[in-house]
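Participant: For reference, the structure I am asking about is given below.
Residue numbers (this note's numbering): 1 to 179.
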């Protein structure tokens with residue numbers, strides 16, 4: 001008889017594995033994905049890296065059969081472009097993952113290093129005043145078109161100037177390095 005198969009989740013991440021042998025515990029270490037081979041993934045952004053292992057009786061083991069892995073879908077990325085790659089040195093294999101609800105799902109017969117790649121969602125530029133811009137939290141995913149009046153150009157070869165809020169002349173930002 002085959003051992004009973006169960007679902008297990010890593011306690012420190014939102015990664016779930018279905019179909020592992022009873023008594024096994026999945027461990028996930030999140031990485032920065034720096035092990036990527038850019039010749040394979042091209043221009044797609046490396047979003048996350050995962051090193052997944054299975055522990056049973058204090059030993060690292062591999063699944064006894066094919067298992068289903070569920071990784072959380074990263075926010076801010078176009079779901080149609082998301083892919084998971086198995087990383088083995090310079091070699092990377094597309095795991096043919098698909099989105100199911102809030103998870104990126106794929107099947108495998110072994111655990112190792114995996115990376116998630118994809119393209120950021122297209123963000124529309126938002127026109128805002130300088131005062132509104134200064135009130136917002138920093139977010140690298142959002143682009144703004146700042147409205148205002150250029151005041152005081154300094155050293156025009158390096159593009160240094162002040163941009164003054166059009167509604168409140170006491171609010172301004174110093175822009176430099178714009179060429």
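Glycine is no exception: its CB is placed at the ideal position from the N, C-alpha and C atoms. For clarity, every value in this text was computed on a predicted model and none was experimentally measured.
Mind checking whether residue 25 and residue 12 have CB atoms under 8 angstroms apart?
Facilitator: Contact: no.
Participant: Can you list, in chain order, the residues of its chain whose CB lies under 7 angstroms from that of residue 144, leaving out five sequence neighbours each side?
Facilitator: Taken in chain order, the residues that qualify are 125, 126, 128 and 133.
Participant: Are the stretch 68 to 76 and the stretch 94 to 104 touching by the rule of at least three beta carbon pairs closer than 8 angstroms?
Facilitator: At 8 angstroms Cβ cutoff, the stretches touch.
Participant: I'd like to check one pair, residue 159 with residue 176: are the Cβ atoms closer than 8 angstroms?
Facilitator: Taking 8 angstroms as the Cβ cut-off, residue 176 and residue 159 qualify as a contacting pair.
Participant: Could you check where the alpha helix (DSSP H) with residue 24 kicks off and where it finishes?
Facilitator: Counting along the chain, residue 24 falls outside any alpha helix (DSSP H), and DSSP gives it neither H nor E.
Participant: Buried or exposed for residue 109, going by 16 or more other Cβ atoms inside 10 Å?
Facilitator: Label assigned to residue 109: exposed.
Participant: Hey, which unbroken runs of the beta strand (DSSP E) at 3 residues or more fall wholly within the stretch 125 to 167?
Facilitator: Listed in chain order, they are 126 to 129, 144 to 147, 149 to 154 and 160 to 164.
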